[in-house]
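Worksheet for the structure shown next.
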Amino acid sequence: QVQLVESGGGLVQPGGSLRLACVASGSIFRLNVMGWYRQAPGKERSLVAQITSGGSTSYADSVKGRFTISRDNIKSTVYLQMNSLKPEDTAVYYCNRIAASLWSWGQGTQVTVSS
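In this text, residue positions in the sequence shown follow the working numbering: the first is 180, and each later residue adds one.
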C-alpha cells in the first residue's frame, strides 16, 4: 500500500508563494500520473494540476500561469510551486495518482492565503 505524505503548507499573504511536496512510499510512483488536489471548506475535492511520468503537465484554469507541478522520480516526490497566491487558493492540498483507483489519501497540507 502506497503512503502519501504532504508538506509545505502554511499561512501566506495574497501575492505570496509556497512550495508543496508530497512523498510517496513504494517504487511504483514513477509509473503513475500524479496530481495535486485541493479541498476548500464546504467544497468538494478538485484536481488542480497533474504530471505524467515523463513530465507533461496540465492545470485547472483557476491556477494556470501561477502554479507549477514537477516531480522527482528518484525521490518519489511530486511538488507544487504556487505563486501569486489568492485568498481563493485557501484549502487543504493533497496529492494522489490519476487513476480509476486512487491510493489512500494522506493527511494533506493546509494552505491559508490571508492578509
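Where a beta carbon is used, it is the ideal one built from N, C-alpha and C, also for glycine.
Note that the coordinates shown come from a computational prediction; the quantities given were computed from them, not determined experimentally.
Shown here, D240 sits in coil according to DSSP, grouped into three states, outside any helix or strand. In the DSSP annotation of this structure, the continuous segment of the beta strand (DSSP E) that includes I248 starts and ends at F246 to D251.
Annotation: the continuous beta strand (DSSP E) that includes L197 extends over L197 to A203. In its chain, beyond the 5 residues on either side, V212 have a beta carbon closer than 8 Å to the beta carbon of T231. Closest option to Y258, judged by alpha-carbon separation, among G244, C274, K222 and V292: C274.
Nearest in C-alpha terms to Q182, of all of W284, G234 and P266, is W284. Contact annotation, V290 with G188: C-beta distance approximately 5 Å; criterion of less than 8 Å satisfied.
Of all alpha-carbon atoms in I277, T236 and L281, the one lying nearest the alpha-carbon of T247 is that of T236.
Under a 10 Å Cβ-count criterion, L197 is classified as buried, with 16 or more other Cβ atoms of the shown protein chains found around its own Cβ.
For I207, the secondary structure class from DSSP, reduced to helix, strand or coil, is helix. When rounded, the separation of the alpha-carbon atoms in A200 and W215 is 10 Å.
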